[in-house]
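The structure appears right after this line, and notes come after that.
Residue numbers (our numbering), protein chains in the order written: chain A, 247 to 357; chain B, 335 to 448.
This is the structure we're talking about:
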């Protein structure tokens, strides 16, 4: 799997947006961009995924650069419950369901 | 649906003991997998299965065995526990094919080997 680079940590104030960057300069044309998050003492949970176009769901938005070498996960209004480690993962289409986790970004939300 | 369940939640073993970590899912998912997570690290894949009767090794398989006799269950066996296997173990499941289905993770089993 191609490598991703994320900042180790970020801080945000409650009810403000959070923009989490992910660099993946070696991404190939068939790699999907997936995001998972892990709340304290819990298993990871799926957040969102995309290929080329920006994606929205009830949890977040995913903005993908035109050259696909980077992406940004956007939490529109952070709550205390959003404090977690967020993982950006590249998945090759047809490569099965294996997930390769990096170190992720630890998000701290301040009240 | 209960989703993905894991038992036990906590376990302490002595070096050399064996045990089985249980994982079950009720979503009829073909694909199941086991990960371990060491402190401050991301998850690493131990073993996975794409369906009943089919298993394969992940990134860190040594010291662990798996089998998949039913779609629902995917137990992980530690044959002879070592302190290096102290970790949190997560089981996950999803539909097979394409790789772009949401994966569901269990709550984890925290294992300490003394």
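Just so it is clear, CB atoms sit at the ideal spot from N, CA and C, and this is done for glycine as well.
Under the 9 Å criterion on CB atoms, residue 314 of chain A is classed as non-interfacial with respect to chain B. Along the segment 269-301 of chain A, the positions whose C-beta sits under 9 Å from a C-beta of chain B are 278, 280, 282, 284, 287, 288, 289, 290, 291, 292, 295, 297, read in chain order.
Each residue's CA atom was taken as its position, placing residue 384 of chain B and residue 411 of chain B some 18 Å apart.
A direct Cα-Cα distance of roughly 12 Å separates residue 359 of chain B from residue 429 of chain B. Residue burial annotation: residue 311 of chain A is exposed, with fewer than 16 other C-beta atoms found within 10 angstroms of its C-beta. Cα atoms of residue 265 of chain A and residue 308 of chain A: separation of roughly 10 Å, rounded to the nearest angstrom. At a C-beta separation below 9 Å, residue 345 of chain B has no neighbours in chain A, since its nearest C-beta there lies roughly 16 Å away. Listed as beta-bridge partners of residue 359 of chain B by DSSP are B/338.
Each residue's CA atom was taken as its position, placing residue 277 of chain A and residue 348 of chain B some 43 Å apart. In this structure, DSSP gives residue 407 of chain B an extended state, which the three-state scheme calls strand. When secondary structure is reduced to three states using DSSP, residue 372 of chain B falls in the coil class, being assigned neither helix nor strand. Not a single C-beta of chain B is nearer than 9 Å to the C-beta of residue 304 of chain A. Around the CB of residue 375 of chain B, fewer than 16 other CB atoms lie within 10 Å, so the residue is classed as exposed. Here the alpha carbon of residue 355 of chain B sits roughly 43 Å from the alpha carbon of residue 313 of chain A. Counting the other CB atoms within 10 Å of its CB gives residue 287 of chain A a total below 16, which places it among the exposed residues.
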